[in-house]
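Below is one structure, written out as structure tokens; the observations come after it.
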Amino acid sequence: MTTEVRGRLGRLLPDGADPTAPLLEVRDLAVRFRTPSGASVRAVGGMSFRLDAGEAMGIAGESGCGKTTTALSLVHLLPGTGRVSAGSVKLFGIDLVPLTERQLARYRWREISMVFQGAMNALNPVQRVGDQIAEPIEVRLGQSRDASRKRAGELLELVGIPRQRASAYPHELSGGMRQRAMIAMALACDPAVVIGDEPTTALDVMVQAQILQLLERLRRELGLSLLLITHDLSVIAETCDRVMVMYAGRVAEEGPVSRVFTAPRHPYTVKLLSSFPDIRTGRRALSMIPGSPPDLRTPPPGCLFAPRCEHAMPVCAVETPPEINSDDGVRVACHLFTAGDAVRRDAASEVKA
Ligand code: SF4
Numbered sequence: 333m334t335t336e337v338r339g340r341l342g343r344l345l346p347d348g349a350d351p352t353a354p355l356l357e358v359r360d361l362a363v364r365f366r367t368p369s370g371a372s373v374r375a376v377g378g379m380s381f382r383l384d385a386g387e388a389m390g391i392a393g394e395s396g397c398g399k400t401t402t403a404l405s406l407v408h409l410l411p412g413t414g415r416v417s418a419g420s421v422k423l424f425g426i427d428l429v430p431l432t433e434r435q436l437a438r439y440r441w442r443e444i445s446m447v448f449q450g451a452m453n454a455l456n457p458v459q460r461v462g463d464q465i466a467e468p469i470e471v472r473l474g475q476s477r478d479a480s481r482k483r484a485g486e487l488l489e490l491v492g493i494p495r496q497r498a499s500a501y502p503h504e505l506s507g508g509m510r511q512r513a514m515i516a517m518a519l520a521c522d523p524a525v526v527i528g529d530e531p532t533t534a535l536d537v538m539v540q541a542q543i544l545q546l547l548e549r550l551r552r553e554l555g556l557s558l559l560l561i562t563h564d565l566s567v568i569a570e571t572c573d574r575v576m577v578m579y580a581g582r583v584a585e586e587g588p589v590s591r592v593f594t595a596p597r598h599p600y601t602v603k604l605l606s607s608f609p610d611i612r613t614g615r616r617a618l619s620m621i622p623g624s625p626p627d628l629r630t631p632p633p634g635c636l637f638a639p640r641c642e643h644a645m646p647v648c649a650v651e652t653p654p655e656i657n658s659d660d661g662v663r664v665a666c667h668l669f670t671a672g673d674a675v676r677r678d679a680a681s682e683v684k685a
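Numbering (this note's numbering), first residue to last: 333 to 685.
See the structure below:
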């Protein structure tokens with residue numbers, strides 16, 4: 333075991349960790365699915381990002397853009413027809429992609445865990461909530477049953493549920509409480525990274541706000557890093573430091589929330605933001621994004637957004653746009669921002685909703 337510590341709790345880094353490496357670094361990740369006809373479809377391609385300690389990053393985009401697939405691929409939870417076909421997912425510098433299930437058990441839930449959408453489906457309906465939280469503590473951390481149950485009670489209180497409710501079954505809790513219990517389960521082994529996959533979907537607005545405040549508080553108090561998958565941009569605006577916008581399995585734009593949401597650059601980000609009420613004022617004449625995402629079984633060449641983009645140029649139909657990093661920390665994959673082309677830069681300055 334290395335002696336380096338991380339986080340405010342002074343936890344030890346796992347064996348084999350590189351203390352100088354980023355907390356989570358994903359490089360050129362590609363995920364493919366096998367269709368019933370035997371064809372192989374690329375659902376995610378060339379995906380790169382990093383998450384630093386204590387940081388919260390949101391992944392946004394339309395349904396089917398690859399947000400959840402990306403999240404599931406990080407922790408080897410893709411359905412049977414999916415596989416990571418390229419790239420690396422490094423946690424503390426340790427690449428999780430080539431690990432066997434047995435090897436991954438050292439990291440999944442212990443170092444990186446997940447809160448799924450729809451707590452009623454994710455919780456076991458015939459097992460008491462406290463036991464469901466205690467189980468990973470006992471099994472994965474090797475603690476005694478008594479110690480695990482005591483810790484489960486503490487975790488329930490941490491997420492705002494009285495520990496006496498540990499004996500309740502999921503159906504005896506409200507929707508908000510079930511989601512809190514899911515968060516307690518994700519925290520059971522004291523992970524460094526928590527992935528939330530639409531953690532507030534299906535909750536009413538009040539409960540949604542409470543869950544977001546809870547995540548924010550836990551991030552502050554525990555030094556957690558959050559990767560938040562959501563189609564709701566206001567959730568990202570309230571909770572995250574950075575946002576990554578995905579389109580058709582690729583990164584369209586990524587950067588600090590304060591910059592991307594106030595001055596979006598990629599034409600898709602502009603359209604996505606204009607299809608939501610204004611993040612700060614709640615007002616805006618909403619507009620639809622014309623057309624629909626490409627069929628990834630037969631993706632068009634060049635930029636995948638080109639058929640829907642009012643700024644498309646001839647180059648967009650033939651060349652995949654490279655990712656351009658700007659000085660203010662924003663990364664954008666669009667030919668309008670290809671360095672050194674004044675004409676395109678002029679066109680870029682006209683991109684607006
Ligand atoms: Fe539009 Fe071209 Fe940029 Fe794609 S690369 S978003 S088609 S301008």
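All C-beta atoms in this analysis are idealised placements derived from N, C-alpha and C, irrespective of residue type, glycine included.
Inter-residue spacing [alpha-carbon to alpha-carbon] between residue i and residue j
| i | j | result |
| --- | --- | --- |
| residue 445 | residue 475 | 19 Å |
| residue 513 | residue 447 | 10 Å |
| residue 359 | residue 499 | 43 Å |
| residue 385 | residue 524 | 8 Å |
| residue 511 | residue 455 | 9 Å |
| residue 421 | residue 433 | 15 Å |
| residue 494 | residue 571 | 25 Å |
| residue 501 | residue 459 | 6 Å |
| residue 479 | residue 468 | 12 Å |
| residue 395 | residue 429 | 25 Å |
| residue 528 | residue 560 | 5 Å |
| residue 582 | residue 644 | 17 Å |
| residue 423 | residue 586 | 20 Å |
| residue 293 | residue 604 | Residue 293 is absent from the model: the chain starts at 333 and stops at 685. |
| residue 569 | residue 657 | 22 Å |
| residue 620 | residue 642 | 13 Å |
| residue 537 | residue 553 | 24 Å |
| residue 579 | residue 626 | 10 Å |
| residue 369 | residue 634 | 26 Å |
Residues sharing a beta bridge with residue i, DSSP
| i | result |
| --- | --- |
| residue 448 | The partner list for residue 448 (beta bridge, DSSP) is empty, contrary to what the question assumes. |
| residue 418 | 362 |
| residue 694 | Lying outside 333 to 685, the shown extent of the chain, residue 694 is not represented and no answer is given. |
| residue 557 | 525 |
| residue 620 | In the DSSP output, where bridge partners are listed per residue, residue 620 has none listed. |
| residue 439 | Residue 439 is not bridged to any residue. |
| residue 579 | 582 |
| residue 587 | 575 |
| residue 427 | 422 |
| residue 391 | 561 and 576 |
| residue 640 | Paired residue(s): none; residue 640 is not in a bridge. |
| residue 434 | Answer by DSSP bridge pairing: none, since residue 434 is not bridged. |
Cβ neighbour criterion (16 or more within 10 Å) applied to residue i
| i | result |
| --- | --- |
| residue 405 | buried |
| residue 575 | buried |
| residue 532 | buried |
| residue 669 | buried |
| residue 503 | exposed |
| residue 649 | exposed |
| residue 685 | Confidence in residue 685 is poor, its pLDDT being 45 and thus under 50, which makes the residue's placement unreliable; the coordinate value appears in the next sentence. By the 10 Å Cβ count, residue 685 comes out exposed. |
| residue 344 | exposed |
| residue 562 | buried |
| residue 367 | exposed |
| residue 350 | exposed |
Whole-angstrom C-beta distance between residue j and residue i, which should lie under 8 Å
| i | j | result |
| --- | --- | --- |
| residue 573 | residue 588 | 7 Å |
| residue 355 | residue 557 | 6 Å |
Those runs of the beta strand (DSSP E) which lie wholly inside the segment 470 to 539 and span at least 3 residues: Listed in chain order, the complete beta strand (DSSP E) runs (minimum 3 residues) inside the segment 470 to 539 are 525 to 529.
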